[in-house]
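Student:
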Amino acid sequence: MHWLRADTTRREFERFVTEQTDQLLRTAYLMAWDLAETEDLVQETLLQVARRWAKVAAMEHPAAYARKLLVNLAIDTAQKRARRSGELTAGGGADVTDRPDHRAERDLDSVDTQAVLLDVLAGLPARQRAIIVLRYWEDLPEAEVAAILGCSTGTVKSTASRGLARLREQLGHGPPGDPALADFTQATTDGKVTR
Amino acid sequence: MNTDEFEDNLRETLAHRAAGVPATAGDRLRQRTYLPRAHGRAALATAMTAGAAAVAAVAALAVTALAPASSPASHQSHTTQAWTVSKESNGDIVVLYWSLRDPAGLEAKLRAYGVPSSVTVGHINPACHRYTGPILKHGRMGGGVSAPGSDRPSRLVIDPSDIPPGAGLQIAVNIPYHGGVRGLTGVVQATPACTGR
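So the sequence lines, in the order shown, correspond to chains A and B. Per my numbering, the very first residue in the first sequence carries number 4; after that it's consecutive. Per my numbering, the very first residue in the second sequence carries number 252; after that it's consecutive.
#1: With distances taken Cα to Cα, identify the nearest neighbour of R2(A) among D142(A), E47(A), W56(A).
#2: Say the cut is 8 Å; is the CB of E256(B) nearer than that to a heavy atom of the ligand ATP?
#3: R262(B) CB to nearest chain A CB: under 9 Å?
#4: Which word fits R406(B), buried or exposed, when buried means at least 16 other C-beta atoms lie within 10 angstroms of its C-beta?
#5: Taking Cβ-Cβ distances shorter than 7 Å, what residues in chain B pair up with R29(A)?
#6: Checking the sheet assignment: what are the DSSP bridge partners for T203(B)?
#7: Is there a Cβ from chain A that is less than 9 Å from the Cβ of G277(B)?
#8: Relative to the C-alpha of R132(A), which candidate in G153(A), T24(A), R165(A), G157(A) has its C-alpha closest?
#9: Report the partner residues of V370(B) according to the DSSP bridge assignment.
#10: Against chain B, does L38(A) count as a neighbour if the rule is that its beta carbon must be under 9 Å from one of theirs?
#11: Do we get a CB-CB distance below 9 Å when we pair A77(A) with the residues of chain B?
#12: When the Cα of G126(A) is compared with those of S161(A), I151(A), G153(A), L167(A), which residue comes out closest?
#13: Using alpha carbons as the reference points, say which of C379(B), T436(B), L265(B) lies closest to V123(A).
#14: With DSSP collapsed to three states, give me the class of R292(B).
#15: Measuring only between beta-carbons, confirm whether T436(B) sits less than 9 Å from chain A.
#16: Can you find a CB in chain A that lies within less than 9 Å of the CB of A423(B)?
#17: State the DSSP-derived secondary structure class of R54(A), mapped to helix, strand or coil.
#18: Sort P416(B), L420(B), R268(B) by Cα distance to L120(A) and report the nearest one.
#19: Does the beta carbon of T418(B) sit closer than 9 Å to a beta carbon anywhere in chain A?
#20: What separation, rounded to the nearest whole angstrom, lies between the Cα atoms of S412(B) and G437(B)?
#21: So, is E22(A) buried or exposed, given that buried needs 16 or more other C-beta atoms within 10 angstroms?
#22: Can D410(B) and G365(B) be called in contact, C-beta distance under 9 Å?
#23: Roughly how many angstroms separate the alpha carbons of A355(B) and S369(B), rounded to a whole number?
#24: Look at the Cβ atom of T383(B), then the Cβ atom of Q440(B), and state whether they are nearer than 9 Å.
#25: Do T41(A) and M34(A) have their beta-carbon atoms positioned less than 9 Å apart in this structure?
#26: So with Cβ pairs under 9 Å, would you call T21(A) a contact of chain B?
#27: Listing by chain order, which chain B residues have their CB less than 8 Å from the CB of A53(A)?
#28: Can you tell me whether DSSP reads R381(B) as helix, strand or coil?
#29: Quick one, which of A60(A), P128(A), E63(A) has its alpha-carbon nearest D79(A)'s?
#30: Identify whether M34(A) lies in helix, strand or coil by the three-state DSSP scheme.
#31: Name, please, each residue of chain B whose Cβ falls closer than 7 Å to the Cβ of L120(A).
#32: Report the three-state DSSP secondary structure of E42(A) (helix, strand or coil).
#33: Taking the alpha-carbon of E258(B) as reference, which of Q117(A), A149(A), V45(A) has the nearest alpha-carbon?
In structure tokens:
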């Protein structure tokens, strides 16, 4: 009987792994910016979910729980690494320089804007990048991003605003004070970003 | 560039970057053995957690682990220049290897010791599939990989009683991995094409 139950549990979890792994990998890659670390993050996430599967399986959205684990794991890992290496004070682009992903870079050679955006994204602090990824890749509302990160909606808004301002500044389309940037920042702060 | 254009660009950039994850990454993660804790049965949960520890210990034999063995095993030893396999008095099979130039020989030796095995170098045996049955749980399986260039051997301890009936052991080393190599071990379904029986 125990084995029967274990088999059912295992099958349910395997279905979860099958269905969610690719999306977790993509999110992790945008968070970690490094393929090897991406796999490690997703593997650790799946192991943590497995250890708590009895509770996770009963949740309304097990995938959202896994994503929350992953995002916070990625931020913790990046912050620990940053403390060790001092990379947060090294400025933008350090990640790309330190751990080049030549295949992705080659694909993007002809896309200047994307290349610039990628370079700046890579240099954003982990938490700031997480918010950008959750808002503009996962398309989550600010309240949900705040719940994932355990912070206030206001913090999400202000952090996203700073990250976006930095991206735009580097693109040369809106230094601080530029009317277009001000408009964008205000829209973001109000949570009324037009899609 | 207005706000909408900028946001669209940002989304496209993120999507492009996310698409850079190779499919093999997902395949590798799906192939690994995770042991979900079962609903509300402490005894079962304990057993499965111990089983998870056993498998995780074996899976931890990625080349990033640096734990060289201190001395060769002493009982019933079969020695070549590349590796030794010995059976300890408690039944454990101990593999020490300096290199895996002869994976087929090691595979045959392990099989001769009663461990259904697949040993490959540079690739994962495509005939092997993850074992999905109940995992046993003595937890002595494990080991460490010596540092590159070290004259000390890497060590792998196999507790045959941790390998369930119908399962076998897969050992794959020097798997290309993001510009480097990794080792991979795990419990797989025993089949003639994978583990010999």
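Every residue gets a Cβ at the ideal spot worked out from N, C-alpha and C, and that includes glycine.
Tutor: So, from the listed chains and residues:
#1: Residue 2(A) is absent from the model: chain A starts at 4 and stops at 198.
#2: Among the components of this structure there are no ligands whatsoever, and the ligand ATP is therefore not found.
#3: Numbered from 1 along the second sequence, position 11 holds the residue referred to as residue 262(B). Chain A contact via Cβ: present.
#4: Numbered from 1 along the second sequence, position 155 holds the residue referred to as residue 406(B). That one is buried.
#5: Here residue 29(A) is taken as the residue at index 26 of the first sequence, counted from 1. The contacting residues are A269, V272.
#6: Given that chain B is displayed from residue 252 to residue 448, the structure contains no residue 203(B) and the question cannot be resolved.
#7: In the second sequence, residue 277(B) corresponds to position 26, counting from 1. Answer yes: the Cβ-Cβ gap between G277(B) and chain A drops below 9 Å somewhere.
#8: Start at 1 with the first residue of the first sequence, and residue 132(A) comes out as number 129. Taking each of G153(A), T24(A), R165(A), G157(A) in turn and checking the Cα distance to R132(A), the smallest one comes out for R165(A).
#9: Locating residue 370(B) in the second sequence gives position 119, counting from the first residue. Beta-bridge pairing links V370(B) to I422(B).
#10: Against the first sequence, residue 38(A) aligns to sequence position 35. Yes, L38(A) lies at the interface with chain B (some Cβ there is under 9 Å from its Cβ).
#11: Along the first sequence, one-based indexing puts residue 77(A) at 74. By this cut-off, A77(A) is not an interface position.
#12: For the purposes of this step, residue 126(A) is taken as residue 123 along the first sequence, with counting starting at 1. G126(A) has its Cα closest to that of L167(A), out of S161(A), I151(A), G153(A), L167(A).
#13: Here residue 123(A) refers to the residue found at position 120 of the first sequence. By alpha-carbon distance to V123(A), the top candidate from C379(B), T436(B), L265(B) is L265(B).
#14: Position 41 of the second sequence, counted from the first residue, corresponds to residue 292(B). With a pLDDT of only 36 at R292(B), under the threshold of 50, the placement of this residue in the model should not be trusted; the figure read from the coordinates follows. Correct three-state label for R292(B): coil.
#15: Locating residue 436(B) in the second sequence gives position 185, where the first residue counts as 1. Judged by the 9 Å Cβ criterion, T436(B) is not in contact with chain A.
#16: Position 172 of the second sequence, counted from the start, is the residue given in the question as residue 423(B). By this cut-off, A423(B) is not an interface position.
#17: Residue mapping note: residue 54(A) aligns to position 51 of the first sequence, counting from 1. Helix at R54(A).
#18: Mapped onto the first sequence, residue 120(A) falls at position 117. For L120(A), the nearest C-alpha among the options comes from R268(B).
#19: On the second sequence, residue 418(B) is found 167 positions in, with the first residue counted as 1. The sequence shown places Ala at residue 418(B), not Thr. No, no contact with chain A.
#20: Residue 412(B) sits at position 161 when you count from the first residue of the second sequence. Residue 437(B) sits at position 186 when you count from the first residue of the second sequence. Spanning the two alpha carbons is a distance of roughly 14 Å.
#21: Your numbering for residue 22(A) matches position 19 in the first sequence. The residue in question, E22(A), is exposed, as its Cβ has fewer than 16 Cβ neighbours within 10 Å.
#22: Numbered from its first residue, the second sequence carries residue 410(B) at position 159. Numbered from its first residue, the second sequence carries residue 365(B) at position 114. With respect to G365(B), D410(B) sits apart: the two C-beta atoms are not nearer than 9 Å.
#23: If you number the second sequence from 1, residue 355(B) lands on position 104. If you number the second sequence from 1, residue 369(B) lands on position 118. For A355(B) and S369(B), the distance between alpha carbons rounds to 8 Å.
#24: What you label residue 383(B) is simply residue 132 of the second sequence in a count that begins at 1. What you label residue 440(B) is simply residue 189 of the second sequence in a count that begins at 1. Yes; because the gap between Cβ atoms is below 9 Å, this pair is in contact.
#25: On the first sequence, residue 34(A) is found 31 positions in, with the first residue counted as 1. On the first sequence, residue 41(A) is found 38 positions in, with the first residue counted as 1. Taking 9 Å as the cut-off, the Cβ atoms of M34(A) and T41(A) count as close.
#26: For the purposes of this step, residue 21(A) is identified with residue 18 of the first sequence, where counting begins at 1. So yes, T21(A) belongs to the interface.
#27: As a first step, residue 53(A) is located in the first sequence; it is residue number 50 there, counting from the start. Proximity of chain B to A53(A) at the Cβ level (cut-off 8 Å) is accounted for by Y285, L286, P287, R288, A303, in chain order.
#28: Against the second sequence, residue 381(B) aligns to sequence position 130. R381(B): strand per DSSP, three-state reduction.
#29: Position 76 of the first sequence holds residue 79(A). Sorting A60(A), P128(A), E63(A) by C-alpha distance to the C-alpha of D79(A) places P128(A) at the top.
#30: Taking the first sequence and counting its residues from 1, the one referred to as residue 34(A) is at position 31. Of the three classes helix, strand and coil, the one that applies to M34(A) here is helix, per DSSP.
#31: Against the first sequence, residue 120(A) aligns to sequence position 117. Ordered by position in chain B, the residues that pass the 7 Å Cβ test against L120(A) are N260, L261, T264.
#32: Against the first sequence, residue 42(A) aligns to sequence position 39. Looking at E42(A) - three-state DSSP - the assignment turns out to be helix.
#33: Locating residue 258(B) in the second sequence gives position 7, where the first residue counts as 1. Each of Q117(A), A149(A), V45(A) was checked against the Cα of E258(B), and the nearest Cα belongs to Q117(A).
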